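Student:
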Amino acid sequence: MSKFSEVFTTPLAKNNPITVQVLGICSCLAVTAQLKPAVVMAISVIVVVALSNLIISLLRNTIPPRIRIIVQLVVVSTLVILVNQVLQAFVYDVSKQLSVYVGLIITNCIVMGRLEAFAMSRKPLESVMDGIGNGMGYGIILVILGFFRELFGSGTLWGFPVMEKLGLYNIGYENNGLVIMAPMALILVGVIIWIQRTKDKDLQENN
Amino acid sequence: MEYINIFIKSIFIDNMIFAFFLGMCSYLAVSKTVKTSAGLGIAVTFVLLITVPVNYLLNKYILQPGAMTWISPSMANVDLSFLSLIMFIAVIAAIVQIVEMVVEKISPALYNSLGIFLPLIAVNCAVMGGSLFMQQRDYSNVGEVISFSLGSGIGWFLAIVGIAAIREKLRYSHIPPALKGVGITFIITGLMGLAFMSFMGIKL
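The listed protein sequences correspond, in order, to chains L and U. For the first sequence, my numbering begins at 562 and goes up steadily by one. For the second sequence, my numbering begins at 19 and goes up steadily by one.
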């Protein structure tokens, strides 16, 4: 059982898909201007990674290696279409905000990377754990980014006006519009990587 | 004139990397030297230029609600737009495969210099993103779509060559050890994005 929990927990920090493997950056930056879309996106990615890992792992002995990429793409895009339809049906406003980035889960490097590196050669149960772990590792970064960007960018959390309730506007506090903009997301991820690698010296690069 | 507008806009204002973060994975992974990044940039531009117009035609004549009236008027109620994701990715994967074979046959030198990048483009978010933005923005004819896809490709090319040139010089500077590599690349991309934001005010 310890093997399972290891597969599950390493992607959360030591081998985090965003800060260490540097996969799936596109969506992580684009959807985190507010907390709610970030959480919805994180859940969608967890579902897609876990299920596609399971399916590919079940099929792994029947897929001819030459056409494996297209088989993986078909499996992933079917799952993404399902997720997209569910989002449109139940949380329409969030799905509008996420716009093309739900479709881009198909080409999200985390999904393809985990399929190639893990699910093609492991047993189904392990693959599901790996998928959930990697999805969670991605989700954690998304939630951290979404939290700080929404709090400092628009002064709210999940739509709740935190800064206004604290009365900060009356003493001259202003929202930082730059935090919502695209470039600041990149800089924030850079800072997260900086903090993580200062704590964990093994992850530092040499050049 | 409209074409030039869209072209300039998609290079600078709606830049794939700095405004939408598309294609970040390969952007971060392959930007260590200018030469390889230029190769990847050209390949992405080329694939965008072919796949986006093809997907546009596919979307216009097959997938859109009521798109198939050209077959028979009775199909006006058919809406296949839920299939667009899988159709787009299939088209992209197929075209990348064909481009790879054609380039290998016609110009082995170019094929060798692009090497492993060509097959990887199928899973580059910038290419898929180009098709999805095309669908979302409702361009009115093929000409506009072509200038959009060419502009996006060139914008991506400029971004990756720029960051590669900066990273080559960064090797000689003193960076905190924890920021070396990926960390500093993120921050510099952010700063480049800030610079590109100055184009936003331009009215075309």
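Every residue gets a Cβ at the ideal spot worked out from N, C-alpha and C, and that includes glycine. From a predicted model like this one, the values you see are computed outputs, not experimental measurements.
List, from N- to C-terminal side, the alpha helix (DSSP H) runs of 4 residues or more that fit wholly inside the segment 625-656 of chain L.
Tutor: As far as the segment 625-656 of chain L is concerned, its whole alpha helix (DSSP H) runs of at least 4 residues are 629-651.
Student: What are the boundary residues of the alpha helix (DSSP H) that includes Met697 of chain L?
Tutor: Pro685 to Ser715 is the span of the alpha helix (DSSP H), which, as asked, contains Met697 of chain L.
Student: Per DSSP, what kind of secondary structure is Phe38 of chain U in: helix, strand or coil?
Tutor: DSSP places Phe38 of chain U in coil when its eight states are reduced to three.
Student: With three or more C-beta pairs closer than 8 angstroms as the rule, is the segment 745-761 of chain L touching the segment 135-144 of chain U?
Tutor: As far as the Cβ criterion goes, the segment 135-144 of chain U does not touch the segment 745-761 of chain L, which means the pair count is below three.
Student: When you compare only the Cα positions, how much space is there between Met562 of chain L and Phe569 of chain L?
Tutor: In this predicted model, Met562 of chain L has a pLDDT of only 49, less than 50, meaning its place in the structure is not dependable; the value taken from the coordinates is given anyway. In a straight line, the C-alpha of Met562 of chain L is about 11 angstroms away from that of Phe569 of chain L.
Student: Restricting to Cα atoms, I'd like to know which of L:Ile702, L:Ile741 and L:Glu711 is closest to Ile756 of chain L.
Tutor: The shortest C-alpha separation from Ile756 of chain L is found at L:Ile702.
Student: Identify whether Leu727 of chain L lies in helix, strand or coil by the three-state DSSP scheme.
Tutor: Of the three classes helix, strand and coil, the one that applies to Leu727 of chain L here is coil, per DSSP.
Student: By DSSP, does Leu584 of chain L sit in helix, in strand, or in coil?
Tutor: The answer is coil: DSSP assigns Leu584 of chain L none of H, G, I, E or B.
Student: Can you name the residues of chain L whose CB is closer than 7 angstroms to the CB of Gly147 of chain U?
Tutor: Within 7 angstroms Cβ-Cβ: Val661 and Leu665.
Student: Quick test of the definition: if touching needs 3 or more C-beta pairs under 8 angstroms, does the segment 155-173 of chain U touch the segment 714-732 of chain L?
Tutor: Too few Cβ pairs lie closer than 8 angstroms, so no.
Student: Along the segment 620-650 of chain L, where does the CB come closer than 8 angstroms to a CB of chain U? Name the residues.
Tutor: So the close ones are Ile630, Ile631, Leu634, Val635, Ser638, Thr639, Val641, Ile642, Asn645 and Gln646.
Student: Any residues in the segment 752-766 of chain L with a beta carbon nearer than 7 angstroms to a beta carbon of chain U? Which ones, in chain order?
Tutor: From the segment 752-766 of chain L, only Ile754, Trp755, Arg758, Thr759, Gln765 and Glu766 have a Cβ closer than 7 angstroms to chain U.
Student: What's the gap between the Cα of Leu585 of chain L and the Cα of Asn622 of chain L?
Tutor: Per the sequence shown, residue 585 of chain L should be read as Gly rather than Leu. Answer to the nearest angstrom: the Cα atoms are 27 angstroms apart.
Student: Note down, in chain order, all residues in the segment 588-622 of chain L with a beta-carbon under 7 angstroms from any beta-carbon belonging to chain U.
Tutor: Here the close residues are Leu590 and Ala591.
Student: Quick check: is the beta carbon of Val750 of chain L nearer than 8 angstroms to any beta carbon in chain U?
Tutor: Closer than 8 angstroms: yes.
Student: Taking Cβ-Cβ distances shorter than 9 angstroms, what residues in chain L pair up with Val121 of chain U?
Tutor: Under the 9 angstroms cutoff, chain L gives no residues; its nearest Cβ is about 18 angstroms from Val121 of chain U.
Student: For the segment 60-71 of chain U, enumerate the residues whose C-beta is nearer than 7 angstroms to any C-beta of chain L, in chain order.
Tutor: Listed by position along the chain: nothing, the set is empty.
Student: Interface residues of chain U around Val583 of chain L at Cβ under 8 angstroms?
Tutor: Those within 8 angstroms of Val583 of chain L in chain U are Cys43, Leu46, Ala47 and Val200.
Student: Do the segment 598-618 of chain L and the segment 34-48 of chain U make contact, defined as three or more Cβ pairs closer than 8 angstroms?
Tutor: Contact between the segment 598-618 of chain L and the segment 34-48 of chain U is absent, because fewer than three Cβ pairs lie under 8 angstroms.
Student: Taking the straight line between their C-alpha atoms, what separation do you get for Val552 of chain L and Phe151 of chain U?
Tutor: This structure leaves residue 552 of chain L out entirely; chain L is present only between 562 and 768.
Student: Less than 8 angstroms between the beta carbons of Phe659 of chain L and Val601 of chain L, yes or no?
Tutor: According to the sequence provided, residue 659 of chain L is Leu. The question's Phe does not apply to it. A contact, by the Cβ cut-off of 8 angstroms.
Student: For Ala127 of chain U, count neighbouring C-beta atoms within 10 Å of its own C-beta (all shown protein chains included) and say buried if the count is 16 or more, exposed if not.
Tutor: By the 10 Å Cβ count, Ala127 of chain U comes out exposed.
Student: Answer yes or no: do Ala264 of chain U and Leu634 of chain L have a C-beta to C-beta separation smaller than 8 angstroms?
Tutor: Residue 264 of chain U is absent from the model: chain U starts at 19 and stops at 222.
Student: If contact means a Cβ-Cβ distance below 8 angstroms, which residues of the segment 663-688 of chain L contact chain U?
Tutor: Here the close residues are Gly664, Leu665, Ile667, Thr668, Asn669, Cys670 and Met673.
Student: Kindly indicate which residue of U:Ala177, U:Gly148 and U:Ser92 has the alpha-carbon position closest to the one of Leu58 of chain U.
Tutor: Minimum Cα distance to Leu58 of chain U is reached at U:Ala177.
Student: Could you tell me whether any Cβ in chain U is nearer than 8 angstroms to the Cβ of Ile586 of chain L?
Tutor: Yes, Ile586 of chain L lies at the interface with chain U (some Cβ there is under 8 angstroms from its Cβ).
Student: The alpha helix (DSSP H) spanning Leu197 of chain U covers which residue range?
Tutor: Note, Leu197 of chain U: premise wrong, no alpha helix (DSSP H); not H, not E.
Student: Step through the CB atoms of chain U and report whether any lies within less than 8 angstroms of the CB of Ala529 of chain L.
Tutor: With chain L represented from 562 up to 768, any question about residue 529 of chain L goes unanswered, as that position is not in the structure.
Student: Using the C-alpha atoms, what's the distance from Ala94 of chain U back to Phe217 of chain U?
Tutor: One C-alpha to the other measures close to 42 angstroms.
Student: Give the residues of chain U in contact with Pro744 of chain L, contact being defined as C-beta atoms less than 9 angstroms apart.
Tutor: Near Pro744 of chain L (Cβ distances below 9 angstroms), the residues of chain U are Phe36, Thr207, Gly208, Leu209, Met210, Gly211, Leu212, Ala213, Phe214 and Met215.
Student: Identify every residue that forms a DSSP beta bridge with Phe721 of chain L.
Tutor: L:Leu718.
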